[in-house]
Amino acid sequence: MKNPFYKLESYLQDIALENKIKNHIKRYHYSYRIPRYIIVLTIIYYACTLIPDISCWVLNSYKEITLRDAGAGVIAIIGLILFFIRLTKQQKQIDIQIDQRVDERFNSAINLLGSSETSARTGAIYALRELAIEEEKYRRQIAQILCSHIRSKTDEAEYQKTHSERPSNEIQTTIDLLFKEEGLYIQDFKGVAEPPKANLSHAYLIGADFISAQCQRANFTNAQCQKANFEYAQCQGAKFFYGAVSGGEF
Numbered sequence: 001m002k003n004p005f006y007k008l009e010s011y012l013q014d015i016a017l018e019n020k021i022k023n024h025i026k027r028y029h030y031s032y033r034i035p036r037y038i039i040v041l042t043i044i045y046y047a048c049t050l051i052p053d054i055s056c057w058v059l060n061s062y063k064e065i066t067l068r069d070a071g072a073g074v075i076a077i078i079g080l081i082l083f084f085i086r087l088t089k090q091q092k093q094i095d096i097q098i099d100q101r102v103d104e105r106f107n108s109a110i111n112l113l114g115s116s117e118t119s120a121r122t123g124a125i126y127a128l129r130e131l132a133i134e135e136e137k138y139r140r141q142i143a144q145i146l147c148s149h150i151r152s153k154t155d156e157a158e159y160q161k162t163h164s165e166r167p168s169n170e171i172q173t174t175i176d177l178l179f180k181e182e183g184l185y186i187q188d189f190k191g192v193a194e195p196p197k198a199n200l201s202h203a204y205l206i207g208a209d210f211i212s213a214q215c216q217r218a219n220f221t222n223a224q225c226q227k228a229n230f231e232y233a234q235c236q237g238a239k240f241f242y243g244a245v246s247g248g249e250f
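Residue numbers (our numbering): 1 to 250.
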C-alpha cells in the first residue's frame, strides 16, 4: 500500500539535503578563508618589495632590481589574482545551486499544501513559514499564499459544515503563524515601509482565536467572524465591511 505521507517524507528529505549542502558551504567558506588572506598579504608583500626597488632603479640609486625578480613578482601576483577569480566563479556556481534548491523546496511545499491529507497540509504550512523566515525573496509571496489557503479551505461547504463552531487545527495554526507571536506579519515585515496587507476577505472564521494577534490593515471584508475572539488584538486600519462579527469579542 502506498504511504499516504510519502510526499511529506520526500519534502523533509529535501530539507535535510539542503541543510547538508548549507553545512558544506560553510566548510567551503572556512577552508578558503586563509588562502584569501594569503592572497592579500602576498600582494602587499610584493608591492612593498617591488615599489621601493623600482623607485631606486628609476632614480639610479645604488640598489638595483633585476628584470627576473620583477617578472617573478608580477607573475606571482597575476597567479594569485587568477586564483581569486576562480574562487569567485565557484562561489557564484554554488549560490546558483543553493537558489535552485530553495526554489525546489518552495515548489514542493506548495504541492504539499494541495494534498488531501490534513497532516501533509499542516506540515507544508510550517515548512512555508520556515522558508519565509530564511528566504526574504519568498516572504511576501508566502504570506499571501497562506492567507489564500485560509480563504479557499474555509470556503468549502464540507469544511463549514464540519467546523461550524471553531476552525480546524490546520486553519487555526495558519492564523497563529501569520498573526500571533513570531508570526510573519509581526516579525518578518517589521520595519518594512509598506508591509503587505493580509487578505482574509470572505473567509469563514467562526470561533477563530485572534487573541493578541497583530491584524493591522488586514482585510476581513465579508468574512464570517461570529464568536471569533479578537481580545487584545491590534486591528488598527483593519476592514470589517459587510463582515459578520456577531458574538465576537474585541
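Glycine residues also receive a C-beta, built at the ideal position from the N, C-alpha and C atoms. Please read these numbers as outputs of a predicted model, since none were measured by experiment.
The three-state reading of DSSP puts Asp-155 in coil, since its state is none of H, G, I, E or B. Of the candidates Phe-240, Lys-92, Ser-116 and Gln-214, Phe-240 places its Cα closest to the Cα of Gln-224. For Thr-174, the enclosing alpha helix (DSSP H) begins and ends at 169 to 179. Ala-208 places its beta carbon 8 angstroms or farther from that of Ile-186. In this structure, the straight-line span from the alpha carbon of His-163 to that of Ala-157 is close to 10 angstroms. In the DSSP assignment, Arg-166 falls outside any alpha helix (DSSP H) and carries neither an H nor an E.
Annotation: Lys-197 to Tyr-204 spans about 18 angstroms, alpha carbon to alpha carbon. If you draw a straight line from the Cα of Glu-170 to the Cα of Ile-211, it is about 17 angstroms long. For Ala-120, the enclosing alpha helix (DSSP H) stretches over residues 118 to 134. Residue burial is scored here from C-beta neighbours: Lys-153 has at least 16 other C-beta atoms within 10 angstroms and is therefore classed as buried. The Cβ-Cβ distance between Arg-101 and Leu-131 does not fall below 8 angstroms. The DSSP-derived three-state label of Lys-197 is coil. Its chain contains Gln-216 and Arg-217 as the residues whose beta carbon lies nearer than 6 angstroms to that of Gly-237, once the 5 sequence neighbours on both sides are disregarded; these appear in chain order. Contact between Thr-173 and Ile-125 holds, with the beta-carbon distance rounding to 6 angstroms and staying under 8 angstroms. Remark: C-beta atoms of Leu-128 and Arg-121 do not approach each other more closely than 8 angstroms. In the structure shown, the three-state DSSP call for Tyr-204 is strand. DSSP places Asn-111 in the helix class (H, G or I) of the three-state scheme. By DSSP's assignment, Gln-234 forms a beta bridge with Gln-214. Around the beta-carbon of Leu-146, 16 or more other beta-carbon atoms lie within 10 Å, marking it buried.
Distance check between Leu-184 and each of Phe-83, Thr-221, Thr-88 and Gln-144 places Gln-144 closest, using alpha-carbon atoms only.
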